[in-house]
Structure formats: C-alpha cells, structure tokens
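Chains as they are written, first to last, in our numbering: chain A, 165 to 642; chain S, 38 to 281. Ideal placement from N, C-alpha and C gives every residue a C-beta, glycine not left out.
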C-alpha cells in the first residue's frame, strides 16, 4: 500500500467536495454562502455565551470541582456523538461504491482505495465532532483561561479519535469475517445492525453510570473517562504518548485487515409490481423507492432498531422509522430518469414535488404498519395514540426537509458527500432558527405559526429548486 | 412536414450555438445530422423536441408549432445520454413509454421487436443489469413500438452490435415506407454513407452541407474527406507532425 496514492486520493475527494458540492447547486450563490457563515458564527457564539453563563460555579458546593465535572461529562457526550455519527456515516456512505468508481481508472489497489476512504470518513466525522464541541471549548477557555486546555484535548480530541477508530476496527473485522464466510452481500447491513446494538448497550450503560453519579462530591466513573483518568494520574505528556501509540496501533490494524472487496453492483431488487398498476409518475416513484437496495437495507435496520426500542422499552418503536426518511436525500437524483421524460410534455414542478413527498410518505406509512401492530401487541407503555400521531406528523416534516436537501444538493455521480454536507448545512440553519425562536421567546401559538411559515418557505424553495434543476438539465452539454 | 426556419440559439451574444439554421424534413424522409463535438447538433435536436425554448426563428410540424402538445406526441426522442430508469424492467420501460404516448401495448409487435434485438430473455430483467448496447436496443424497441410520425435519435446507434444495426436499418426503411420521418444525429460517418440518405453537416452552428449522400459521393469524395476539410485536417496534421 503506497501512502502517496492514499494522499492523492484524499486530494481527489477534497477537490470533488470543493468543486462538485461546495460550488454547485445552491452553494454556487454567494449570498447563501454568506448566510451559512453568519448562521454558523451566530449559532456557535450564542451557544458559547449560554455555556459561559452555565459554567458560572459560584453557587456550586466547594466540594465539587465544577469545571472538571462538566468536562468529564463532556467525555460521555463525545463517546455518544462519536458512535451516533459513526452509525449515521455508515448509513449515508452505504452508497460509496458508486462514487469510488471515479477512481477505477487509477493505478491503485482496492486496499488503497478503501483505506483512503476510511481516512476521509474519519476526517469528516472528526470535523463534525469538533463543531459540536467548539462552543464548550471556547466557553471553558473564556471562564478559566487556558488551564483546562490539556484536559479538553484529552476529552474531545483523544476520546473521539480513539472511539472512532475502535468502531472502525470493529467494522473492518465484521466485514472481513462476513466476506470470509461469503456473506459479503449483507456485510454492510450486518455491520450497521451490530452498531445499533452497540449504541443501545452504550445508552443503557451510560444511563446506569449517570444514575450512579455521586453529586455531592462530583464523583463519576465510566470507561469513556480513560484519557481523563490518565491525564489526572500521569499528566499530559504521558497521556499524549499513550494516545499516539494507541492510534498508531489501531490505524495499522485497520489498514492491515484486508478490505479489498469490490462494491455491490446491484442497486435494485425486482419486486413484482401489480399487473394492473399504471406507470404514472407517482407509481413510478413508489416503485423506485421500494426497489432500491439501500432503502430495503435501511428498512431492515429500522425494523431491527424498532424491535430493540420495543424490547428495551426506551422509546416509541416508530421513532426508528425516521431512518427511512434518509431516502429523501437521494430521491430527486434517483428519479431523474423518470422526470426527464416529463420535461418534454406537461412537467409541473409542483406536481412533481407533491408526488415526491406523498410517495415517500405512503411508503413509510405502509412499512410502519408491522411496527405499529407489533407495538400494540407488546406494549410496554411507550406506544400510545397521541405519540403515534405526533410521530407520523413529524415524519412528514422530516421528509419535506430531507427532500429539500436532495433537491438543493443533488447527488451527482452518486456521491455520499452531497447529502452529508447538505444535512450539516440544514442542521446549522435549523440550530440558528431554534436560537432565534428561543431568543424571541414566543408563545406556543406564535412558534407554531413561525414554523408553518418556515415549512411553506421550504416547500416553495423545493419547487423552485425543481424548476431550476430542469433548466440546468436542459442547458447541460447543449 | 417538419419545418425549421431561421433558428438562432445563443447563450450570450458572443456565444452563438446555432446561427440562422433552416431546413425541411419531408414525409418519409430520413435525415442524418453530423458535425464535430460542440457544433450545435444536440442543441438543434433539443430545440426541435422543445426541450429548449427557441430564441429566434420557428419550428413547426405541418404548420403547427412544435410546442403544441399534439405535435409533441408525434415525435419520439431517443436521447444520447443514458437516462433509462434502472429500477424498471425492460418490459415495464416499454409499458411506460407506451403510456406516455397513449399507445396500447401491442404484445405481438413487442415480441417480434425484442426478437430482432435479441432482448427476449432480458425483457423481464431490471434495466440495471443491461449492458451499454442493450440499453440502446431497448430505446430503439420503444421507438418502434410507438406509431408516431417522427423519430429523433441522438447517437443511439453507437455501441449496438451488427445484428441490431442491420435490424434497425430494415426497420428504418419500413418506417420510411409507411410515411414516417427520422432525424438521426451521429459521428459514425461510415454508417451515414451506408444508410445513403440525406445528410446535414453542421459546423460552428452553421449548416455546411445539406445534400443527398449520393450527390456527395458523385463528386468523387466521401463524407470523411468532407469532414476533414471542415476541421482543417491538413493544418492539424502539419502541427502534430511538427510538435509530437
């Protein structure tokens, strides 16, 4: 494996993101870029100010080192976020096989190709973890000058990187073993399912640890505190050395495990359509969603998660169906071959949009039924009519948002980065809007009105996006 | 009759793609459009099928504007780009196209056509599993399933095997005999000569030649030589010999 090749591939992915995603679609517009920048800065600043005020320890008992306690808790937070982001990236990057085809002509090995992607995934996930933690870091620095910087490095940077690589190692082992026993077709699915189980175990473990906290003296024990304990006992230099050794070993093992497995070529499964079904735009969209392999994989993951939620009695199992809404991120591009047939005839962006939303919603409603029935049979208290209606309502809103991301950041060349970056941008904008609403402190009624206006705006932008994409398509390569 | 009159298309005033293009396509006529990359062929075709809006000039079919819905249903367009819905089977794709053109699915016709194109065993498989050539073939089958007056093909014959090409030529002849008209865009000059119909050579958005193949061949030249003239082949040859 040549490091030079891996480095060159990193450069290629970076340029792809820069030119095909960050300079394409709505991100071409300077004003939108400025808005995103302002939204990010404002969100981080306001969160920092809020945390700065929260970190005021004047009212806290002298027995507790309040700041130290808060940073330790952040360690747990980081582990949870790392796992959630890891699982999320696994689901989003289920499609990486197609994207990696752009490297097919290059004189590189499969191992180099996959390793370079693992490193790139790692860098992307770390940037998100850093974004999530930046407000805490700034607030702590403002409160205590630079006294807690080494501890913060151990908590945020060391913990997340080690955690991520550990998860990656487990993933590589699972995939390697499944390939060994010729089960490569289900390797991605089984790996994600395993991580969902781990996430559930982690959740229960953390809840137990939090219940055992001794708040009087601020004592808290959890394995996520590994680097913090090391730092407290042996200092920063020893901790850093141990960190470097662990990371080096993990990376070596991950890169050493063979991962030269080709990508899955089939995107669709031939699910029989009813003979009488007319192939209208709506029905074609339904066929597309239900035949897509990734959607079927996500559905299995959602079923698995919902059964876990039901058995462990954590949440209403229908919450797992939110995973299915990720299909909205891709639906625009995946139905393009249908849409362009309509461009010559009576294409209407509004009709298309309605078809896109309703087809996804109908698919989710139908696939939710088994979970709903199972939930009613094995009801441990988390399934009730009110919650169920609220979830089905929220599902529409999330479908609208994910479809918006798919339209504003169309997945060119089937790359997994567009939805990833689109998702990040929408999270920043949503955070910004929530902060404004928090600041305005409006009544429930006014908040609902504002949200309704926002959603009408989202629908309007989506329809406008569909119109614009039609124009772009017609003028492409003319 | 398809009438293209003084069509001009530009992105900016300095970047004119088509400049005053005019020609007619008669009933039962086959026209091949050839020209270098970027000469304006695809733009011209997209204008005819109303995928692009005309800026100057007019396009009409039997004196009715080409953007009239009834006229649109008379033209079937096979794009050069691969925009086939991978999640449908070949048969479902044909059903979809028939539905678009309000044509009932003629099972016997379909069975014969898929036979000519050796697609029989593949018809119930997802298009995703089709090779490049098979994807082109299913597009051609869809075109011959619809009994409309015009077929416009953008590069669709590239990449299909000899058997399919021969079947297509025979089907073209039959289509022509029944009064149908075809416009075909291609880079394959040998095929254009072989088909022996009328040819329209475009360069830099201007019609360079609009004549019957036999008239071009009568001058002792052939299309490849005309094309070489068009792209200043001698100049390019001298430069390559000098610098490489």
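Span of the alpha helix (DSSP H) holding residue 643 of chain A?
Residue 643 of chain A lies beyond the residue range present for chain A, which begins at 165 and ends at 642; the question has no answer from this structure.
Quick check on the DSSP output: the alpha helix (DSSP H) that includes residue 400 of chain A runs from which residue to which?
For residue 400 of chain A, the enclosing alpha helix (DSSP H) covers residues 400 to 420.
Among the candidates S/155, S/99, S/274 and S/132, whose CA atom is the shortest distance from the CA of residue 183 of chain S?
The candidate whose alpha carbon is nearest that of residue 183 of chain S is S/132.
Proximity test, Cβ basis, 9 Å: residue 86 of chain S and chain A:
Against chain A, the CB of residue 86 of chain S has a partner CB under 9 Å away; the residue lies at that interface.
Could you compute how far the alpha carbon of residue 239 of chain S sits from the alpha carbon of residue 287 of chain A?
Whole-angstrom Cα-Cα distance: 50 Å.
Using a beta-carbon distance below 9 Å, is residue 273 of chain A in contact with chain S?
By this cut-off, residue 273 of chain A is not an interface position.
Does chain S have any CB closer than 9 Å to the CB of residue 494 of chain A?
Not one beta carbon of chain S lies nearer than 9 Å to the beta carbon of residue 494 of chain A.
Suppose contacts are defined by Cβ-Cβ distances below 9 Å. Is residue 432 of chain A in contact with residue 457 of chain A by that definition?
In contact: residue 432 of chain A and residue 457 of chain A (Cβ atoms closer than 9 Å).
In DSSP terms, what residue 167 of chain A is bridged to:
Paired residues: none, contrary to the question.
Count the other C-beta atoms from every protein chain shown that fall within 10 angstroms of the C-beta of residue 153 of chain S, then say buried if there are 16 or more, exposed otherwise.
In the assembly as shown, residue 153 of chain S is a buried residue. Its beta-carbon has 16 or more other beta-carbons within 10 Å.
At the 9 Å Cβ level, is residue 579 of chain A part of the contact set with chain S, yes or no?
No, its Cβ sits nowhere closer than 9 Å to a Cβ of chain S.
Chain A within 9 Å of residue 163 of chain S, Cβ atoms only
Among the residues facing chain A, residue 163 of chain S is included, as its CB has a counterpart in that chain under 9 Å away.
Residue(s) in a DSSP beta bridge with residue 276 of chain S:
In the DSSP output, where bridge partners are listed per residue, residue 276 of chain S has none listed.
Determine the DSSP secondary structure at residue 215 of chain S, reduced to helix, strand or coil.
Reduced to three states, the DSSP call for residue 215 of chain S is coil.
How would you label residue 384 of chain A, buried or exposed, when you count the other beta carbons within 10 angstroms and need 16 or more for buried?
Per the 10 Å Cβ criterion, buried.
Under a Cβ-count criterion, where at least 16 other Cβ atoms within 10 Å of its own Cβ denotes burial, should residue 263 of chain A be classed as buried or exposed?
For residue 263 of chain A, the number of other beta carbons within 10 angstroms of its own is at least 16, and it is reported as buried.
Beta-carbon within less than 8 Å of residue 61 of chain S's beta-carbon, same chain only, minus the 5 sequence neighbours each way: which residues are those?
Excluding residues up to 5 positions away in sequence, 38, 39, 40 and 41 lie with their Cβ nearer than 8 Å to the Cβ of residue 61 of chain S in the same chain.
Step through the CB atoms of chain S and report whether any lies within less than 9 Å of the CB of residue 265 of chain A.
Not closer than 9 Å to any Cβ of chain S, the Cβ of residue 265 of chain A fails to qualify, so no.
Decide yes or no for the touch test of the stretch 120 to 140 of chain S against the stretch 75 to 84 of chain S: beta carbon pairs closer than 8 Å, at least 3 of them.
Taking one beta carbon from each stretch, the stretch 120 to 140 of chain S and the stretch 75 to 84 of chain S have fewer than 3 pairs nearer than 8 Å; the two do not touch.
Of the residues S/252, S/216 and S/197, which one's Cα is nearest the Cα of residue 228 of chain S?
If we check each option's Cα against that of residue 228 of chain S, S/197 comes out closest.
Rounded Cβ spacing between residue 442 of chain A and residue 356 of chain A (contact assumed at less than 8 Å):
Residue 442 of chain A to residue 356 of chain A, Cβ: 36 Å. No contact.
Which class does residue 156 of chain S belong to by DSSP, given the choice of helix, strand or coil?
In the structure shown, residue 156 of chain S adopts coil according to DSSP, grouped into three states.
Considering only residues of the same chain and omitting the five flanking positions on each side of residue 203 of chain A, which have a CB-CB separation below 7 Å?
Cβ-Cβ distances below 7 Å link residue 203 of chain A to 592, 593 and 596 in the same chain, with the five nearest sequence neighbours on each side left out; the list follows chain order.
What does the Cβ neighbour count give for residue 207 of chain A, buried or exposed, with the cut at 16 atoms within 10 Å?
When all chains shown are included, residue 207 of chain A counts as buried.
Any idea if residue 205 of chain S is buried or exposed, counting beta-carbon neighbours within 10 angstroms, 16 or more meaning buried?
By the neighbour-count rule (16 or more Cβ atoms within 10 Å), residue 205 of chain S is buried.
How about residue 116 of chain A and residue 320 of chain A: do their beta carbons lie closer than 9 Å?
Since the first residue shown for chain A is 165 and the last is 642, residue 116 of chain A is missing from the structure and cannot be characterised.
Terminal residues of the continuous alpha helix (DSSP H) containing residue 238 of chain S?
Going by DSSP, residue 238 of chain S is part of no alpha helix (DSSP H) but of the beta strand (DSSP E) stretching over 235 to 240.
Which residues in chain S have a C-beta closer than 8 Å to the C-beta of residue 437 of chain A? List them in chain order.
Result: 129.
Assumed close pair residue 582 of chain A, residue 298 of chain A - CB separation to whole angstroms, cut-off 8 Å:
The beta carbons of residue 582 of chain A and residue 298 of chain A sit about 24 Å from each other, so the pair does not count as a contact at 8 Å.
Using three-state DSSP, classify residue 612 of chain A as helix, strand or coil.
Three-state result, residue 612 of chain A: helix.
Would you mind sorting residue 444 of chain A into buried or exposed? The rule is 16 or more other CB atoms within 10 Å of its CB.
Burial call: exposed.
Taking residue 538 of chain A and residue 474 of chain A to be in contact with their CB atoms under 8 Å, please state how far apart those CB atoms are, rounded to whole angstroms.
Between residue 538 of chain A and residue 474 of chain A, the beta carbon gap of about 7 Å places them in contact (Cβ cut-off 8 Å).
Residues of chain S with a CB under 7 Å from the CB of residue 502 of chain A: which are they?
The contacting residues are 122.
Say whether the stretch 152 to 171 of chain S touches the stretch 109 to 123 of chain S, bearing in mind that this needs 3 or more beta-carbon pairs closer than 8 Å, one atom from each stretch.
Touching, yes.
Residue 69 of chain S beta carbon less than 9 Å from that of residue 208 of chain S:
Not in contact: residue 208 of chain S and residue 69 of chain S (Cβ atoms no closer than 9 Å).
Kindly give me the distance between the Cβ atoms of residue 58 of chain S and residue 244 of chain S, rounded to whole angstroms, as I take these residues to be in contact under 8 Å.
With a contact defined as Cβ atoms closer than 8 Å, residue 58 of chain S and residue 244 of chain S qualify at about 6 Å.
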